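Student: Quick one: structure below, then a few questions.
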Amino acid sequence: MPVIKYVQSNGQVIEADVPLGSSVMQGAVDHMVEGLAAECGGACSCATCEVYVDDAWIELVGEACDIEKDMLTASSALRGNSRLSCQIEITPELDGLVVAIPG
Ligand code: FES
Numbered sequence: 032m033p034v035i036k037y038v039q040s041n042g043q044v045i046e047a048d049v050p051l052g053s054s055v056m057q058g059a060v061d062h063m064v065e066g067l068a069a070e071c072g073g074a075c076s077c078a079t080c081e082v083y084v085d086d087a088w089i090e091l092v093g094e095a096c097d098i099e100k101d102m103l104t105a106s107s108a109l110r111g112n113s114r115l116s117c118q119i120e121i122t123p124e125l126d127g128l129v130v131a132i133p134g
């Protein structure tokens, strides 16, 4: 099972085993990562699951689709490496992925 590393805004890192086919958001919710509300439950309609993808992983994670990009424009914490974590599916290649939670 891939391990995802969540860097909370307090600097604490939570390493979580997240099942294939799940999402980075669901892994965070299941492992009580702080600061990720995920209010819409993964429907790409709230933008409260934003994460910053570590630079080393940007290419592998890939770009947001247009709908996700639209949602991200509502974020006050938007950065070039922002993604909605509910839209990042867990694949074997993402083992070791590092994402940070906006403060
Ligand atoms: Fe709402 Fe990701 S959980 S957009």
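According to this note's numbering, the sequence shown is numbered sequentially starting from 32. Think of the CB as a built atom: it goes at the ideal place given N, C-alpha and C, for glycine as much as any other residue. Nothing here was measured: the structure is a model prediction, and the numbers come from that model.
For the region 101-112 and the region 52-66, state whether three or more C-beta atom pairs, one from each stretch, are separated by less than 8 angstroms.
Tutor: Segments in contact, no.
Student: Hey, could you find the ends of the beta strand (DSSP E) L103 is sitting in?
Tutor: Per DSSP, L103 belongs to no beta strand (DSSP E); it is in the alpha helix (DSSP H), 97-103.
Student: Does at least one heavy atom of the ligand FES sit under 6 angstroms from the Cβ of C71?
Tutor: yes
Student: Would the beta-carbon of S113 fall within 7 angstroms of that of L103?
Tutor: Taking the C-beta atoms as reference points, L103 is found nearer than 7 angstroms to S113.
Student: State the beta-bridge partners of R114 as determined by DSSP.
Tutor: DSSP lists V82 as partners of R114.
Student: Beta-carbon within less than 8 angstroms of I98's beta-carbon, same chain only, minus the 5 sequence neighbours each way: which residues are those?
Tutor: C75
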